[in-house]
Every structure is written in structure tokens, then in C-alpha cells.
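Novice: Chains as they are written, first to last, in our numbering: chain G, 1 to 285; chain W, 286 to 611; chain L, 612 to 974. Note that CB positions come from ideal geometry on N, CA and C, so glycine has one too. The model shown is predicted, which means the values in this text are computed figures rather than measured ones.
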Amino acid sequence: MTESVSVPELHAAAPTGDVDPNSPVDRPNRIDVTDLDIYYGDFKAVEGVSMTINPNSVTALIGPSGCGKSTFLRSLNRMHEVINGAYVDGSVVINGRDLYGPGVDPVAVRRKVGMVFQRPNPFPTMSIADNVLAGKRLNAKRMSKGDAEALVEQSLRGANLWNEVKDRLEKPGSSLSGGQQQRLCIARAIAVEPDVLLMDEPCSALDPISTLAIEELMLELKDTYNIVIVTHNMQQAARVSERTGFFSIEGTGKPGRLIEMDTTEKIFSNPTEQQTQDYVTGRFG
Amino acid sequence: MTIIDPLPTGEQDAGSDRKLDEPVGRLGDRIFGGLSFGAAAAILVTLGAVAIFLFTQGREGVTADATNFDGDQGFVEYVGPFLFGTIYISVIALLLATPVAIAVALFVSHYAPRKIAQTLGYFIDLLAAIPSVVYGLWGISVLAPILARSVFPPLRDNLGFLPFFGSDVVLSPSGRSTLTVGIVLAVMVLPIITAISREVFVQTPRLHEEASLALGATRWEVIRQAVIPYGRSGVISGAMLGLGRALGETMAVAIILSPSFGFFWDTLTNSNSNTIASNIALQFPEAAGLSVNRLVATGLVLFVITFGVNALARRIASAGFSGADG
Amino acid sequence: MSTTDELVRDEPVTDPRPTDDMTSGSLDGWPMRGIVVAALALGALTWVPSGSVNWARWVVASLLVYVIGTAIVSRIVESPRQATDRVAKALVTSSFFVVLLPLVSVLWTVVERGSNRFDWAFYSTTMRGVVGEGGGGYQAIVGTLVITALTALFSIPFGLFTAIYLVEYAKESAFSRLVTGLVDVMTGIPSIVAGLFAYALFVLLDGPGHTSGLAGAVALTLLMTPVVVRTSEEMLRLVPNELREASYALGVPKWRTIVKVVLPTAIAGILTGIVLAVARVIGETAPLLVTVGITNDVNWNPMSGRMATLPVFSYNSYKFPTLPPQASIDRAWAAALTLVLIVMVLFSIARILSTILKPKGLK
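Written out as C-alpha cells, the structure is:
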């Protein structure tokens, strides 16, 4: 485990070139997206997105189905490349590095930018503890038993799951309830110590009580991570996020666009765009 | 050693020791991907090799002058009776096996209690896994005597007007005839047809079945109206795959059949057309020189036929399934 | 048929409520059971002429009475539609039992005749210098083990990597479609043709008359590989994509994702398939007949010389018996029994593997 905290190096790695002058805070782990187009083969899924995502906060992405918000989220850690023929045009800069720059390894990107999926997906062949350690173990990182135990406890505490599972760490991850499984997936993601945590509708498969637990967890995690969440649930976006981006499409086959991005309060009370107004008031989508 | 780090704060550098463009497992990916691609490419090479080697070894057997062989037979004259025997016996096996296989598949999919259906499926798979040499031994020492004693005589006496039985034929006293082999092969290919039919029967959309039930249909009417039409292409392709298996079956035929050279329609006598595969197994250990090449050439003929039958089976299956979905 | 008349007369449901068309005329319950018992009893009459118990004849006769009896009774008591339904059920059920007949007969014969030489000597001695009685199949067991092990060594990596290529790497390309098609072609190669191929290959490498265990293993590899590809491919496709994505999102490279996440999740099915594929090839006779031949001695070296194998040993002992023939034939059955036992053990292993290795959480 890295016990030394190398703050100076961190600031040295802070953005240098593509700094958004309008950014309220200039801190590490900020994400600057500039003019991003995402393609699947010939199909342009998302067009012309530019946005700044501030660290230590929750940013929500909302919009109707098929508007490209999930695709956009996946482009932030190059997960969309899992599908054949996917590529992007534009830049995504974190800490001064363009994720799509030449020579950048998508595998390395994903260690910096973690992800939690719509449906909880713990590895069925692994115990709870091994699920948490999966990121390290699968990358063949050798860890002493003590380090491993420490990381398991720290990550599970970080995901508010420790007290519920500490007595059955060797049980299969799938023995947990859906909400617990999702928190296990969050623990698994933060065990890799990413800078950014992406969440793709993390509560859509969960009951209200589990949803509440995840939302509370997000509010705690944002002290540490830059969190971006895609959600269908506008109440959820309003509850957890500081800033909200609204995506939409003009019609099927057309690319998704970022219509408006602002503080969550503004988006839900007094958006600039009529489309946003229609969507958040439920008149469309 | 067991210092539990506090949760990393925003100020902590989370893993700054890793650079974004540090190659992570790239070499591993290249090696592993290369191995996988290599294996797939090796399939291509292997089959190419099969075709080329059989062709080079078999060519002389086809082109060599007929005078080189016993009886001065050209290749076509030589392979003809075996080709006939192969197809004749396989078709008998298929005709016997298919109706029973469909019934067994229906029993497992629609009649047997679900709990025991799985065990039944296991027994049918076991039937498929019994080595063909064992079927051969069983066929010649158990089935053939029974058939010769108590089935062949009534067949000749009562159904002798049928051309493949014959009313005035001399029955095979040992029972080592075409019909016996056909029955043994039927037992051997039945599990294949059953397994594939069962698979498609189980997949019949519940909605189709319920629609039929809601109209007051009995179980058999449901099967006739919903299950059989849905599974028809699967059953046909299963039967074709079974045919492919029967065409290539070697040992059971080699052990049981009492072969003669020529074309024989009678199924109950001691004069039977041998099959290509069985002929190779019987002749190969003794063969030398051009005879080996000729046997390889007959093997190539068998390969081409089974290939055609299997290709047809798959075409039927894929056409049927896409039709059922759309 | 007096039995059936009796059943009709005693039918309790029909008479009391003849107007209720929801319940009238049903043979469900004990009447059907009665027909089955009556059929079994009538079938037993076939014992009378010969004076001995003939199981096969009894089963066939009982099934006939059962089908016909059901048809008549149901047509009288119920309706023609019901009768058709019941006859269909009777036929379908009967055919299942008809199929069980050869299976039971084969297993019974193998056990009965194989047990004559199911002794320690069969498993510990060879045929070297044996004329007539005695001797054993030790050399054949060695040969079968060596050749099957070699075959597994070749086909498992070959088949597994091909399956991994098809599922994890192949894009929708002409190449992957070609490979899939060729695997299908391989599945249909007759076993004797596989033997001829291996023979032709080694003749080219080593000259005419080549025999070796290796040639046999090459022939069997041709037969086993497509089975491994098919089952592995099927199992790999069952692994939910979410698990791959979860692994990628943790920054795990693709090959480690395959080795540590995808394969362990699918391992139960893959191993089961491999064990069943081994069971398939271990009984193959024809390809070994043309490539490996037969010998009386133990030969551990697959690189050269003839090797005895259980199926070929069984075939040869039966087809070309030495004097007295019964000793040879007994050895043939003992080898057949050994093969069947191996196949059944492999089947049981496959079953156990598929239950204990199945990841508990997989939906």
C-alpha cells in the first residue's frame, strides 16, 4: 500500500494546457471534455459534447432513453471500446493527460477511472473478499495477507458494507442481496484506488431502500472521488448531484447531444433551454 | 504491518505510480491473442491437410490401371457396391431410428415428469457414448441370433412379397445380414436424433402451446399443432446428422456383417453389400501398394458424402430456426 | 378381452354423473393403472409356450396390449379425441421403453460375458507368449491410456484456444465464419477417414507401413478437437458480458480477464464437455486399426511401433480368435467391459464436475 502521500507530484500532474478558464475550482481529477464525438462504426452516437466535470462532487447525466448519456459515460474510461468499431473524435483530459492521446493504454485509463454498472455484477467464482481484491489480484499484484485484509476492510468500509459482511467474507459474492451486491461492486471499484468513479444507472435494478443506501454512499464518496452518474430517475439526480447535464436526441438515428449543463438546482428549477424544461417537468421523454 | 489506511482523501494521490501510457499486460494480450488466432488458423490448416493428404494418397488408387487389381476392376466398379451398401444400410438405420427417436424425444420433453426427464436424457447420452466395437460384439452375439431365429423367418414368410425381404430367399443362419446391421446402426444413431429433437421440442414457445391448450386441445393435439411444426426443421437436421454418423460407422458393420462383393437388395440373406468404412477396416491391415491408395480413395468418397449430408443438415437447421424466429 | 370389459363396468365416474361434461368419462387414476397391470399380466402369457422367462418378449407384448387396450377402452368410455391422445401417450411411452431394451441388453451382455475374464490377471498380464487360455489386456490398457493422454494433450489446448478465438476475439469476419464452418465439417469426419488421414500424413513423413501411437493420437485429435471447440464455445458464450465488463472496468487486460474471469466462470461446462469428449474417443476403434495396429507386448513409446489398445484388442480377439476360441472371445468381452466401465466412470466424473464446479451465483 502506498503510505506516502505525494502531494507535490500530484499538483505537478495537474492540468496545464486545456484549463477551462470558467472553471470554478482548478483542482486535480477534474475532467475536461472538449468537442467529443463518439462513433460506432459509421453510426455517430454522440456529437459535440464539451463539459467540465468538477472533482469532489457528483455530476448527474440525465435524458431520455437512447440519448447517448450512457455511451458518453463509457467514453470517460474508454469502456465503450469493448464494442467493435467504436472510436471517438475530440478529447477527454484528466490531470493534463488526454485519455485518447497517442500511446494511451485504455487498460491504464480504466485503473484511473473506475465504473459501477446498472446491474450488480460480482464475480460468481469469487468470495466477497476476493471480489474486493479482484482489481489487484486479476492484475497479478502480489499482496501480503495483512495488506490484502486491510484493503478489503478499507474498501468495504468505504462502501458502507463492512459491518454487514465482515463475518462472512469467504462467502460467495452472489450470496448478498442486490443492494449489497451493488455496494460490493462499489467496494471492488474503489479498491483499485481510481480518481474518478463512473456509475451507470447504479440503482435501476434495486429496491428503494437499497437505492437510498447507495445514494448516501455517493454523498460520502464524493469527498474522495470525482463521481459521474447516469440516471433515469430525476429525483435521484436532484438528491445527489451538484451539477446536472441534460442529453437529448432529435430522433432515431440522430446523434445524442448535450443540451444543457448547469448546477442541479438551476436545471431543475429554471433551465435555460425549453427542451430541458419540458423534460424535467415530465412533458417529454 | 497491518496499518489500515484511512480512506484516501481527495488530497491523496490515488496510484500516481501508474502512468496512463504504461503498457499494462500488452505483451500478454499479444501472446494470448496470437495463440487463439493461431489455433483457429490451425483448424484451417488441418482440414486443408486432410483434403490434400487424402487426395495425394488416393489419387493413384483412382487413376491406376484396372489390371493392377484383383478382378481387373476400375475404381468406379470397385467403389460402386460399397457406396450402395453404405447408403442402403444407413437409410435402413435412419428409417428405423427416426420415428422412435422422435417419440423418445417427445417422451422426455413433454410426457416424462420433469424430475426424471434429466436422468432419462443422461441415459440416452450414455447410449451414444458406448463404443461402437461394443455394439458390434452385442450385435453379432446377441441380436443376430435372436433375429435369425425368431424374426427373419416370419418376415420372409409373411412379408416376402416386399422386394427387400423376398419370399424364396435363403435366410442367413447366423443373422449377420443387412437388416441386423441396420437395426444396430439405428440404435447407435437414435441418441443423436433424439438429443437434437428434444432440444428443439423443449424450445417450443410456451405461448404457442398455451394458445393450443386454451382452445381445449388434448396434449397430443398440442404436440401436433404446436410442437411438431415448430420442431420440424430441427428433427430433420437431427436425422441428417444421424445419417452422417451412420454413413461413417465402421466397427459395428465390420464385426456384424457377412459381406459379399456386389449389389444386394435382400436384407435377410448372407449376401450383403459391404459399406465403404467397413471395407476399409477389413482390408486395410492386409493391404499393400496400390490397394492402399484405392482404399484411401474410397475414404475420400465417404468423406465427400458425409460432408454433403452434414452440410445439408446444417442448412436445414439454420433455415428452420431463422424461419421460426421471424 | 374380459379384463377390459370388467374395467368398463366398474368405471365409477361415468355412471353417477353422466350429464356433467367436465368430469364424465375419465380414465385418469386407477383405471389407467388397471390397464397397465392387465397389460403386464397378459404380456406374461408369452412365457407359457416356451416355459421360460423372456424379458424382451414380455415387455414388447405388454406394450402392445397396453396400446391397443388403451385405444379400445378410451374410445368406449371417453371420446375418440381422448382415445387418440391416450394412444399417442401410450406409443410415446412405449417407444421409450423399447429403446431401453437394447441399452439394458447391451449393458447386461457386456457385464455377463465380460465378467468371465474380469479378473486381476486380465489387468496385469499381457498376451506375450500366450497361446490359448490366460493372458490379458495390460498392454491394451497401457496403449489406450498413452494414446488418449496424447490426444487430450493435443486437442484440449487446440480446441479451447480456437473456442476462445471464436468467442472472445473474432469479429464478424469472413475468417471466423470460415473457421466455424470448418469446425462443423470436422465434426462430421467419419472416424475411419480420420485414421486414413493420419496414416497418409505419417507415410509422407516416415514412409509406407508406419505405425505408431502418435499417428493414432493425431487421428483421434482430429475427432476430439471439434467436440472440444463446440462445447467450450457454447460455455464461453454463456458467460454474461457484464462479468467481462466488470473486469475491464477494473483495468484488467483482456487476456487476464479471459484467464481469470471468463474461464473460471465457464470451467464447469468446459470440463464436463472435455470429459465427455474423452469418453467419445476412448472407444474409437477404426482409426487406431489403420494407424496403430495391435501387438501382444507393452509399448510405452508412442513415437514408434505398434501399440495395443482396448477397442482394437477387443475387436481383434473376437474377429481372429486363437484356439480355444472361447478364451479369445472372453478376453474380447473383458476388454469391452473395461471400456464401458471407463466410459461410465467418465460420465459420472462429468456429472460430478458439472455440479460441484458450477459457480453458485450464475443465473
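(1) Residues in its own chain within less than 6 Å of Leu950(L) by CB, not counting five upstream and five downstream?
(2) Report the neighbours of Val901(L) on chain W: residues whose CB is nearer than 8 Å to its CB, in chain order.
(3) Is the Cβ of Tyr926(L) closer than 7 Å to any Cβ of chain C?
(4) Consider the Cβ of Ser321(W): report whether some Cβ of chain L lies at a distance smaller than 7 Å.
(5) With DSSP as the reference, identify every bridge partner of Ala877(L), one or two as the case may be.
(6) Should Phe808(L) and Val389(W) be called a contact, given that it needs their Cβ atoms to be closer than 7 Å?
(7) Which residues in chain L sit within 9 Å of Ala108(G), going by Cβ to Cβ distance?
(8) Mapping DSSP to helix, strand and coil, what is Tyr677(L)?
(9) Determine which residues share a DSSP beta bridge with Arg461(W) and list them.
(10) Alpha carbon to alpha carbon, how far is Asp355(W) from Val364(W)?
(11) Report the neighbours of Ala134(G) on chain L: residues whose CB is nearer than 9 Å to its CB, in chain order.
(12) The beta strand (DSSP E) spanning Phe546(W) covers which residue range?
(13) Mind pulling the chain W residues with CB within less than 9 Å of Ser784(L)?
(14) Please list the terminal residues of the continuous alpha helix (DSSP H) segment that includes Ser50(G).
(15) Taking the alpha-carbon of Val72(G) as reference, which of Asn56(G), Asp89(G) and Ser57(G) has the nearest alpha-carbon?
(16) Quick one: what does DSSP say Arg917(L) is sitting in, helix, strand or coil?
(17) In chain order, what residues of the same chain lie with their CB nearer than 7 Å to the CB of Ala604(W), ignoring the 5 residues before and after it?
(18) Here's the rule I'm using: 16 or more other beta-carbon atoms within 10 Å means buried, otherwise exposed. How should Leu764(L) be labelled?
(19) So that I know if they touch, is there some Cβ in chain L lying closer than 7 Å to that of Met115(G)?
(20) Compute the Euclidean distance between the alpha carbons of Val235(W) and Leu575(W), then round it to the nearest angstrom.
(21) Can you list, in chain order, the residues of its chain whose CB lies under 6 Å from that of Ile561(W), leaving out five sequence neighbours each side?
(22) Between Tyr396(W) and chain L, is any beta-carbon pair separated by less than 7 Å?
(23) Using the Cα positions of Ser435(W) and Arg441(W), report the straight-line distance between them to the nearest angstrom.
(24) Tell me, please, whether the CB atom of Ala496(W) is closer than 7 Å to any CB atom in chain L?
(25) Count the other CB atoms within 10 Å of the CB of Ala649(L); is the residue buried (16 or more) or exposed (fewer)?
(26) What are the boundary residues of the alpha helix (DSSP H) that Gly529(W) is part of?
(27) In the DSSP output, what is Arg257(G) paired with across the bridge?
(28) In terms of residue numbering, what span does the alpha helix (DSSP H) encompassing Val132(G) cover?
(29) Quick one: is Leu432(W) near chain L, going by C-beta distance under 7 Å?
(30) For chain L, find out if any of its Cβ atoms is closer than 7 Å to the Cβ of Thr463(W); answer yes or no.
(31) Quick check: is the beta carbon of Gly584(W) nearer than 7 Å to any beta carbon in chain L?
(32) Whose Cβ in chain L lies nearer than 9 Å to the Cβ of Ser417(W)?
(33) State the DSSP-derived secondary structure class of Asp410(W), mapped to helix, strand or coil.
(34) Just curious, the beta strand (DSSP E) that Tyr39(G) is in, first and last residue?
(35) Mind checking who Thr71(G) pairs with in its DSSP beta bridge?
(36) Check whether the Cβ of Asp621(L) lies closer than 7 Å to any Cβ atom in chain W.
Specialist: On the basis of the data shown:
(1) Numbered from 1 along the third sequence, position 339 holds the residue referred to as residue 950(L). Excluding sequence neighbours, Leu950(L) sits near Gly894 and Leu921.
(2) One-based indexing of the third sequence puts residue 901(L) at position 290. The answer, in chain order, is Ile565, Ala566, Phe569 and Pro570.
(3) Judged by its chain identifiers, the structure shown contains no chain C, and its protein chains are G, W and L.
(4) As a first step, residue 321(W) must be located in the second sequence, where it is residue number 36. Interface residue, yes.
(5) Start at 1 with the first residue of the third sequence, and residue 877(L) comes out as number 266. Per DSSP, none; premise fails for Ala877(L).
(6) The count along the third sequence starts at 1 and reaches residue 808(L) at position 197. The count along the second sequence starts at 1 and reaches residue 389(W) at position 104. Taking 7 Å as the Cβ cut-off, Phe808(L) and Val389(W) do not qualify as a contacting pair.
(7) Taking the first residue of the first sequence as position 1, residue 108(G) is located at position 108. Simply Gly862.
(8) Locating residue 677(L) in the third sequence gives position 66, counting from the first residue. Residue state, collapsed to three classes: helix.
(9) Taking the second sequence and counting its residues from 1, one reaches residue 461(W) at position 176. The partner list for Arg461(W) (beta bridge, DSSP) is empty, contrary to what the question assumes.
(10) Here residue 355(W) refers to the residue found at position 70 when the second sequence is read from its first residue. Here residue 364(W) refers to the residue found at position 79 when the second sequence is read from its first residue. Between Asp355(W) and Val364(W), the C-alpha separation is close to 14 Å.
(11) Taking the first residue of the first sequence as position 1, residue 134(G) is located at position 134. Residues of chain L passing the Cβ test: Ala857, Ser858, Leu861, Val863, Lys871 and Val872.
(12) Sequence index remark: in the second sequence, residue 546(W) carries index 261 (1-based). Note, Phe546(W): premise wrong, no beta strand (DSSP E); not H, not E.
(13) Position 173 of the third sequence, counting from 1, holds the residue named residue 784(L). None at all; the shortest Cβ gap to chain W is about 11 Å.
(14) Along the first sequence, read from residue 1 onward, the residue named residue 50(G) stands at position 50. That residue, Ser50(G), is in no alpha helix (DSSP H); its beta strand (DSSP E) goes Phe43 to Ile53.
(15) Position 72 of the first sequence, counted from the start, is the residue given in the question as residue 72(G). First, the residue type needs correcting, since residue 72(G) is Phe and not Val in the sequence shown. Comparing Cα-Cα distances from Phe72(G) to each of Asn56(G), Asp89(G) and Ser57(G), the minimum goes to Asp89(G).
(16) For this step, residue 917(L) is matched to residue 306 along the third sequence. Residue state, collapsed to three classes: coil.
(17) On the second sequence, position 319 is the one that residue 604(W) refers to. Ser518, listed in sequence order.
(18) Sequence index remark: in the third sequence, residue 764(L) carries index 153 (1-based). Per the 10 Å Cβ criterion, exposed.
(19) As a working mapping, residue 115(G) is identified with position 115 in the first sequence. For Met115(G), the answer is yes, since a Cβ of chain L falls inside 7 Å of its Cβ.
(20) In the structure as shown, chain W begins at 286 and stops at 611. Residue 235(W) is therefore absent and cannot be evaluated.
(21) Along the second sequence, one-based indexing puts residue 561(W) at 276. Counting only Cβ-Cβ distances below 6 Å, and skipping sequence neighbours, we find Phe367, Thr371, Thr583 and Leu587.
(22) The sequence position of residue 396(W) within the second sequence is 111, counting from 1. At least one chain L Cβ lies under 7 Å of Tyr396(W).
(23) Against the second sequence, residue 435(W) aligns to sequence position 150. Against the second sequence, residue 441(W) aligns to sequence position 156. Roughly 11 Å between the two C-alpha positions.
(24) In the second sequence, the residue the question calls residue 496(W) occupies position 211. It does not; no Cβ of chain L falls within 7 Å.
(25) Numbered from its first residue, the third sequence carries residue 649(L) at position 38. Ala649(L) should be labelled buried.
(26) Position 244 of the second sequence, counting from 1, holds the residue named residue 529(W). Ile513 to Gly533 is the span of the alpha helix (DSSP H), which, as asked, contains Gly529(W).
(27) Here the question's residue 257(G) lines up with position 257 in the first sequence. Its beta-bridge partners are Ser248(G).
(28) For the purposes of this step, residue 132(G) is taken as the residue at position 132 of the first sequence. First-last of the alpha helix (DSSP H) with Val132(G): Ile128 to Leu138.
(29) Counted from its first residue, the second sequence places residue 432(W) at position 147. It does not: the Cβ of Leu432(W) has no partner Cβ on chain L nearer than 7 Å.
(30) Here residue 463(W) is taken as the residue at index 178 of the second sequence, counted from 1. Not closer than 7 Å to any Cβ of chain L, the Cβ of Thr463(W) fails to qualify, so no.
(31) Indexing the second sequence from 1 puts residue 584(W) at position 299. At least one chain L Cβ lies under 7 Å of Gly584(W).
(32) Locating residue 417(W) in the second sequence gives position 132, where the first residue counts as 1. The answer, in chain order, is Ser802, Gly894, Glu895, Thr896, Ala897 and Pro922.
(33) Within the second sequence, residue 410(W) is the residue found at index 125, counting from 1. Correct three-state label for Asp410(W): helix.
(34) Here residue 39(G) refers to the residue found at position 39 when the first sequence is read from its first residue. Taken as a continuous stretch (DSSP letters only), the beta strand (DSSP E) holding Tyr39(G) covers Ile31 to Tyr40.
(35) The sequence position of residue 71(G) within the first sequence is 71, counting from 1. Thr71(G) is not bridged to any residue.
(36) To locate residue 621(L), count along the third sequence from 1; it is residue 10. With a pLDDT of 42 at Asp621(L), under the threshold of 50, the modelled position of that residue is not reliable, and the figure given next carries that caveat. Output row for Asp621(L): interface = no.
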